[in-house]
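Chemist: Protein sequences, first through last, are from chains C and V. Quick note: the first sequence uses my numbering, first residue 22, plus one each step. Quick note: the second sequence uses my numbering, first residue 2, plus one each step. Cβ atoms here follow ideal geometry from the backbone N, Cα and C, with glycine treated the same way. Let me begin by handing over the structure; questions about it come next.
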Amino acid sequence: MTTPNAPDSFYHVTEGQGVWPHKGKVAAVGIGHSPTSRRWDGTPENTVGANSILALRKAIEDAGVPPDQIDGLVIDPVTTTGAHWDANDPVPMDIVNFYNPTDDPLDGIAKLSCEWLLKNMPELKNVKFTMYGTGCMSHAIVVAAQAVGEGLTNNCLVLKSWHNLEGRYNQSGLSAAENVSGSYAVGPGRTIWGPPGCFGTALQFAEYCRKYGKSHDMMAPFMENSRRNGLLFPEGYWAQHRPEQLTPEDYLAARWIAKPASLFDNDIPIMVSGAYLFTTAERAKDMKQKPVYILGHASNRGSGRSLTPTLEEVQTETGSTGRKILESAGITANDISFENMYDGFALFHQFHIEGLGYRGMKFGDALDFYQTDISIEGPNPILPSGGNIGSGRSRFWMHTDSIQQIQGRAGARSLTGVKPEIAVSGGPMPMGGNFTVWGASPD
Amino acid sequence: MVKQGVIPDELTKPFYDAANEEKLVIQNCTACNLLQHPPAAACRKCGSGDNMEWKGMSGKAKIYNYTVVYDTPIRMLQEDQPFNLAVVMLDEDPGVQMYSHLPGTPVDQVPIGGSVEVVFEATANGQKVPEWRVVG
């Protein structure tokens, strides 16, 4: 059994494709998370594989579906937070053999396959459909939703997991080399010029501030709000390990990484797994949890022409993405109760929500909007999940929160200023993401 | 500020050979009449690799914008922090970008939109690469 990537036909990538043909026919009915940790502690119980099994079992239990009725599994096989297993480091075979391994000894430690999961979850004995959506939970969700909609699977698990190892972010391997290849040296990512991961976003944000007369300081209310919401997210890293409110003063005093991006504008890499169970709307009617219907999904496959997308390129793409999101669900921006667009890096959240036209926003409006009431108690909530900034880099808090808010299971994070009926979540990057529209009703 | 050494590969050898001669060349698709950087095996517009040539540039560009890097992942540059890291856009085609540390420009005093011209710097292994200095 070899798991394929999803075919191109699964994605809503161009404007004009219309309403998603499976609108309201797929529903999320179960949620599961592993605990968070900053890094792998070296034990078999804390591997990315172990966390994945835990999250999947919790999602199954949450939905109340017998495991032998699960017939689909969609995951992201890439689990790195930026930490890679050094080729010179020995693989700990005692950890590998603690589980039922695949042919790749790093499977379940520094990567993850559907095959590894099925070998180690014997209760999933009727899974016939497996597929990859690489890079993000947002991607895996779109793939799973499409698969259920097309009838390829009826009860489909969706999983995103992360491993984080010792060492500073992205500072090993080529970053430490004396010499590098010519293609790498002039490439768009890390290069011999030394851009940190947030460089492109920092550059776009700098241009945004220059064009619209804004400043980095204006991000402080957003950051405070995100951490506050994150601390109300019991599944998150900050709530579990460092329950410290981030004040505007803390934010403004933070050290720079690539000015105008500071330490807190970057989400913290962590170990964590998150899982959902999707099923058909028909089946979801009599399940344990209130179903949350998928009304549509959209994807962006844009890229900059050269090294780093310009602000203009980003805005062209986020505007198109916003139109596709609304088109896929057959809604207008006015129908959206709340947004949970991606935020890790904090400095590009405004690109997402301006492109979406959330609360009537146009390009250049978001930082002023952040100076108003954006809390979960107000009429214009921004990122009630707290996102990756509020709970650590999982790339799934925004999806979990969207489902929980609509189900009425968001606890202390529950929205009180709006009735949570339709939400949009997704990402990661403004160029190259996947987005989902969730609804309390299939219509 | 010495950058990591560069070992040209098959794709990029003409770019680096030109740099050693202190000339700037950029890939061009003759079918699309479109410059592209970074180099690739095929034209990103038409997808063909049959029409790629290396075209000489004037070495003049404008600064799009910049950041000041305080925490680079590249070990060899860490002792030089903080440093400017700008994106410049070629006068021949603003859609073509190159990175620059803007040698000679004080940290965080970068003239956005200002004119720059190419210079060539030796990296750690002696291979030269294009850099950019503010002019005027």
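Please report the Cβ distance between W183(C) and V69(C), rounded to the nearest whole angstrom; I am assuming they are in contact, meaning their Cβ atoms lie under 8 Å.
Modeler: Right, the Cβ-Cβ distance comes to about 7 Å (below 8 Å), so this counts as a contact.
Chemist: Entirely within the region 323–409 of chain C and at least 3 residues each: give me those beta strand (DSSP E) ranges in chain order.
Modeler: Counting whole runs of 3 or more residues, the region 323–409 of chain C contains the beta strand (DSSP E) stretches 359–362.
Chemist: If the cut is a Cβ gap below 8 Å, which residues of chain C does R76(V) touch?
Modeler: Q192, S196 and A197, listed in chain order.
Chemist: Spell out whether any CB of chain C is found under 9 Å from the CB atom of S101(V).
Modeler: Chain C, which has a Cβ nearer than 9 Å to the Cβ of S101(V), makes this yes.
Chemist: Does R45(V) come within less than 9 Å of chain C when only Cβ atoms are used?
Modeler: Yes, contact with chain C.
Chemist: If we ignore side chains and look at the alpha-carbon of each, how far apart do W423(C) and Y363(C) end up?
Modeler: Checking the displayed sequence, the identity of residue 423(C) turns out to be Ser instead of Trp. One C-alpha to the other measures close to 12 Å.
Chemist: Got a sec, what are the start and stop residues for the beta strand (DSSP E) K79(C) sits in?
Modeler: Note, K79(C): premise wrong, no beta strand (DSSP E); alpha helix (DSSP H) at V69 to A84.
Chemist: With distances taken between CB atoms, is the gap from Q426(C) to P441(C) smaller than 9 Å?
Modeler: Cβ atoms of Q426(C) and P441(C): closer than 9 Å.
Chemist: State buried or exposed for R248(C), treating a residue as buried only when at least 16 other CB atoms are found within 10 Å of its CB.
Modeler: Buried, since its Cβ has 16 or more Cβ neighbours within 10 Å.
Chemist: Just verifying my parser: in three-state terms, what is the DSSP assignment at D286(C)?
Modeler: Helix, per DSSP.
Chemist: The alpha helix (DSSP H) with N176(C) in it runs from where to where?
Modeler: Unbroken run through N176(C) is the beta strand (DSSP E), N176 to W183; no alpha helix (DSSP H).
Chemist: Starting from M142(C), trace the beta strand (DSSP E) in both directions and tell me its first and last residue.
Modeler: Note, M142(C): premise wrong, no beta strand (DSSP E); not H, not E.
Chemist: Could you have a look at Q225(C) and say whether DSSP puts it in helix, strand or coil?
Modeler: DSSP places Q225(C) in helix when its eight states are reduced to three.
Chemist: V7(V) CB to nearest chain C CB: under 9 Å?
Modeler: Yes, because at least one Cβ of chain C sits closer than 9 Å to the Cβ of V7(V).
Chemist: Within 9 Å of any Cβ in chain V, is that where the Cβ of I207(C) sits?
Modeler: This sequence places Val at residue 207(C); Ile is not what is there. Chain V, which has a Cβ nearer than 9 Å to the Cβ of V207(C), makes this yes.
Chemist: Buried or exposed: T64(C), going by 16 or more other Cβ atoms within 10 Å of its Cβ?
Modeler: Classification for T64(C): exposed.
Chemist: Tell me the rounded alpha-carbon separation between D107(C) and S462(C).
Modeler: Using only the alpha carbons, I get a separation of about 48 Å.
Chemist: Nearest to V135(V) by CA position, among V97(V), A62(V) and Y71(V), is which residue?
Modeler: Nearest of V97(V), A62(V) and Y71(V) to V135(V), Cα basis: A62(V).
Chemist: By the DSSP assignment, the alpha helix (DSSP H) with H420(C) in it spans what residues?
Modeler: It spans W418 to Q428 - the alpha helix (DSSP H) in which H420(C) sits, taken as one unbroken run.
Chemist: Quick one: does K280(C) have its CB under 9 Å from some CB of chain V?
Modeler: Yes, its Cβ sits closer than 9 Å to a Cβ of chain V.
Chemist: Quick one, which of N26(C), C219(C), L298(C) and G376(C) has its alpha-carbon nearest A76(C)'s?
Modeler: Looking at the Cα atoms, L298(C) is the closest of the given residues.
Chemist: Comparing alpha-carbon positions, which option in M114(C), I116(C) and S236(C) lies nearest Q371(C)?
Modeler: Considering only alpha carbons, the answer is S236(C).
Chemist: Going along chain C in order, which residues have a C-beta closer than 9 Å to the C-beta of P107(V)?
Modeler: Going along chain C, no residue has its Cβ under 9 Å from P107(V), so there is no contact; the nearest lies around 14 Å.
Chemist: On the DSSP letters alone, give me the boundaries of the beta strand (DSSP E) that E118(V) sits inside.
Modeler: That run of the beta strand (DSSP E) goes S116 to A123.
Chemist: For Q53(V), count neighbouring Cβ atoms within 10 angstroms of its own Cβ and tell me buried if that reaches 16, exposed if not.
Modeler: Note that residue 53(V) corresponds to Met in the displayed sequence, not to Gln. Classification for M53(V): buried.
Chemist: Quick one: which chain V residues come within Cβ less than 9 Å of R231(C)?
Modeler: Going along chain V in sequence order, the residues near R231(C) (Cβ under 9 Å) are N66 and I113.
Chemist: Any chance the region 204–218 of chain C sits against the region 69–76 of chain V, with 3 or more Cβ pairs inside 8 Å?
Modeler: At 8 Å Cβ cutoff, the stretches touch.
Chemist: Use the C-beta contact count for P107(V): other C-beta atoms within 10 angstroms, 16 or more gives buried, fewer gives exposed.
Modeler: Classification of P107(V): exposed, given that the 10 Å Cβ count is below 16.
Chemist: Give a yes or no on whether the minimum CB-CB distance between N52(V) and chain C is below 9 Å.
Modeler: No, because no Cβ of chain C sits closer than 9 Å to the Cβ of N52(V).
Chemist: So, are the CB atoms of V47(C) and V86(C) less than 9 Å apart?
Modeler: No, the pair does not count as a contact, with Cβ atoms beyond the cut-off.
Chemist: Quick one: grab the DSSP three-state call for A62(V).
Modeler: Correct three-state label for A62(V): strand.
Chemist: Would P83(V) pass as an interface residue toward chain C - the criterion being a Cβ-Cβ separation below 9 Å?
Modeler: Yes, contact with chain C.
Chemist: State the beta-bridge partners of A319(C) as determined by DSSP.
Modeler: Paired residues: F456(C).
Chemist: Out of Y379(C), L252(C) and G210(C), which one is the CA nearest neighbour of T465(C)?
Modeler: Outside the modelled stretch of chain C, which goes from 22 to 464, sits residue 465(C), for which no answer is possible.
Chemist: Quick check for students: name the residue ranges of the beta strand (DSSP E) that lie wholly in the region 99–143 of chain C, counting only runs of 3 or more.
Modeler: With a minimum length of 3 residues, no continuous beta strand (DSSP E) run stays inside the region 99–143 of chain C.
Chemist: Using a Cβ-Cβ cutoff of less than 7 Å, which residues in the same chain neighbour N72(C) once the five nearest sequence positions on both sides are dropped?
Modeler: Taken in chain order, the residues that qualify are S55, S182, M292, V293 and S294.
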